[in-house]
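See structure below.
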DNA sequence: CCGAGCGAGATTGGATGCAATCTGACTCAC
DNA sequence: GTGAGTCAGATTGCATCCAATCTCGCTCGG
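Listed below in structure tokens is the structure:
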């Protein structure tokens, strides 16, 4: 049951703070907020129909995660990553994901099928040109694997690391050729999971991750003023 | 209750939220809060002379870091780590610290001396039996090295991981024999730094980290509920 | 004696109000 | 023309206020 593009009405979330956090993450995926964008408390509060109090808590959380920058008496804005910082997210992902993947228990067939289904959805989103859905589904694909490790704290850290670059993720998927490559490599990973070849899975993932680097450099090279 | 005499210009920390966060971290180091302790908003606010608003933001931050647990309409409490979770903090530290240490640039002599000085202070705190100071200085020693790597995002993640076990750190230092071992091993690390033997530094650190495991098991074994 | 039901007090979640601070445009002296 | 000074509007930081919810001891029927 995957409701495509239904992210605006998540009243299912218990608290207002969680709602605001989710909305902000969605806005990042959708490039509604891009690196450098200011985040106004009053505007966000109005948009979600809550007061500034929960908004402030949510912003503080995102800032502590490093997703937002905060300057006292000035406000929050989406953090702009330097190339060096982006490199560090790759470094952390490489070492933490390897540990997680090596510890994955055998995947039951239904779980493998669900994973493949997510990858299919990525292909469909790609066909529609829906970058936002792709970004979300791509995270979903990866974290379904990670979560299966049972290493909840490590997965939580990985989530934080991924979120640091959420604002950039759509740019990495921009190119149709990359999109196909991503889907194909995901399929290879599912196969490695099926035959329980963990080392192959790790090296596939390393290759997969490195494959997004060229797109990244394109993001960081054009600094006109 | 309103102290609007305007005398509060001495705030060392810029904001009330940061002040609350720091106080909470200090309370954890000092075992003023121990795993499982509830954290009452009103009490904390009164203790620091601020209102509940900044306290709530601070608590939300600590909860998002995993230091506190939060249950809606019930409150915050210091997170109790399971043995499995503790194991994960070791795992993350092992892989992230190795990456950081391998990238350390040469330490100038004054920096090495400062590092040694911190280790001396640990020894002095040990002699005084001041566990709180030991815990703080021990963090200081390690993060002085890490920070020198320049990998600020990785160091930030390491800080988060360390903070997860801050509430337990004093227990790990409880035993006088461990205290001496820690100081000695720190000295060995300084020496490895001096001669720029990174691989030796990494393996010393691995050994150092593993050395605290026995104390840990002692913490987790006696659950006579 | 014991468990379900109940209510007062404690506590949190969120809204609102206001002072402090920043920003950006405007003025004016040089 | 240019740069320092300043002033209004925008925005944040924090305090305060109220409603919603939970906790826990008490009562009461079985």
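Protein chains in written order, with my numbering: chain G, 7 to 231; chain F, 7 to 231. Glycine included, every Cβ here is placed at the ideal spot set by N, Cα and C.
Relative to the C-alpha of residue i, which candidate in the options has its C-alpha closest?
{"i": "residue 145 of chain G", "options": "G/170, G/113 and G/63", "result": "G/170"}
{"i": "residue 20 of chain G", "options": "F/29, F/75 and F/79", "result": "F/79"}
{"i": "residue 203 of chain F", "options": "F/48, F/110 and F/70", "result": "F/110"}
{"i": "residue 77 of chain G", "options": "G/117, G/56 and G/44", "result": "G/44"}
{"i": "residue 81 of chain F", "options": "F/89, F/49 and F/174", "result": "F/49"}
{"i": "residue 116 of chain F", "options": "F/199, F/209, F/178 and F/163", "result": "F/199"}
{"i": "residue 226 of chain F", "options": "F/214, F/134 and F/87", "result": "F/87"}
{"i": "residue 147 of chain G", "options": "G/134, G/136, G/129 and G/135", "result": "G/129"}
{"i": "residue 187 of chain G", "options": "G/173, G/176, G/217 and G/164", "result": "G/217"}
{"i": "residue 191 of chain G", "options": "G/207, G/201 and G/178", "result": "G/207"}
{"i": "residue 136 of chain F", "options": "F/35, F/27 and F/22", "result": "F/35"}
{"i": "residue 174 of chain G", "options": "G/33, G/151 and G/213", "result": "G/33"}
{"i": "residue 150 of chain G", "options": "G/23, G/163, G/42 and G/118", "result": "G/118"}
Anyone know if the C-beta pair for residue i and residue j falls short of 8 Å?
{"i": "residue 196 of chain F", "j": "residue 132 of chain F", "result": "no"}
{"i": "residue 84 of chain G", "j": "residue 138 of chain G", "result": "no"}
{"i": "residue 107 of chain G", "j": "residue 91 of chain F", "result": "no"}
{"i": "residue 29 of chain G", "j": "residue 68 of chain G", "result": "no"}
{"i": "residue 66 of chain G", "j": "residue 63 of chain F", "result": "yes"}
{"i": "residue 47 of chain F", "j": "residue 31 of chain F", "result": "no"}
{"i": "residue 37 of chain F", "j": "residue 154 of chain F", "result": "no"}
{"i": "residue 194 of chain F", "j": "residue 210 of chain F", "result": "yes"}
{"i": "residue 205 of chain G", "j": "residue 163 of chain F", "result": "no"}
Got a sec? Which residues, its chain only, sit under 8 Å from residue i by beta carbon, not counting five neighbours each side?
{"i": "residue 167 of chain G", "result": "95, 98, 99 and 102"}
{"i": "residue 17 of chain F", "result": "Note that residue 17 of chain F scores 39 on pLDDT, short of 50, meaning its location in the model is unreliable and no value can be drawn from it."}
{"i": "residue 231 of chain G", "result": "In this prediction, residue 231 of chain G has a pLDDT of 37, which is less than 50 and means its spatial position is unreliable; what the coordinates show is noted afterwards. Taken in chain order, the list of residues that qualify is empty."}
{"i": "residue 27 of chain F", "result": "64, 67 and 68"}
{"i": "residue 165 of chain G", "result": "149"}
{"i": "residue 213 of chain G", "result": "191"}
{"i": "residue 42 of chain G", "result": "83, 84 and 86"}
Compute every distance between the C-beta of residue i and the non-hydrogen atoms of the ligand ZN, then say whether any falls below 7 Å.
{"i": "residue 31 of chain G", "result": "Looking for the ligand ZN in the displayed structure turns up nothing, as the structure carries no ligands at all."}
I'd like the list of long-range same chain contacts for residue i, defined as Cβ closer than 6 Å, with 5 residues on each side in sequence excluded.
{"i": "residue 157 of chain G", "result": "106"}
{"i": "residue 23 of chain F", "result": "60, 63 and 64"}
Can you list, in chain order, the residues of its chain with a C-beta nearer than 7 Å to that of residue i? Leave out the 5 residues immediately preceding and following it.
{"i": "residue 89 of chain F", "result": "226"}
{"i": "residue 215 of chain G", "result": "96, 99 and 100"}
{"i": "residue 61 of chain G", "result": "26, 47, 50 and 51"}
| Along the segment 100–113 of chain F, what residues have a CB closer than 7 Å to any CB found in chain G? | 101, 102 and 105
| request: Mind checking the segment 203–231 of chain F against chain G and listing, in chain order, the residues whose C-beta falls within less than 7 Å of any C-beta there? | output: none
| Does the segment 91–105 of chain F come close enough to the segment 219–227 of chain G that 3 or more CB-CB pairs lie under 8 Å? | no
| task | May I ask you to list, following chain order, the residues of the segment 130–160 of chain F that have a beta carbon less than 7 Å from some beta carbon of chain G? | result | 157, 159 and 160
| query | Taking a cut of 9 Å between CB atoms, which residues from the segment 31–45 of chain G lie near chain F? | reply | none
| Residues, ordered as in the chain, of the segment 76–98 of chain G that lie near chain F by beta-carbon distance below 7 Å | 78, 91, 94, 95, 97 and 98
| message | Any contact between the segment 66–73 of chain G and the segment 177–192 of chain G? By contact I mean 3 or more CB pairs, one from each, below 8 Å. | response | No, they do not touch.
| query | Should the segment 122–129 of chain G be regarded as contacting the segment 139–156 of chain G, the criterion being three or more beta carbon pairs within less than 8 Å? | reply | Here the segment 122–129 of chain G makes contact with the segment 139–156 of chain G; the two share three or more CB pairs at distances below 8 Å.
| Going along the segment 173–203 of chain G in order, which residues come within less than 8 Å of chain F, judged by CB to CB distance? | none
| task | Would you list, in chain order, the members of the segment 47–63 of chain G that have their beta-carbon closer than 8 Å to a beta-carbon of chain F? | result | 59, 62 and 63
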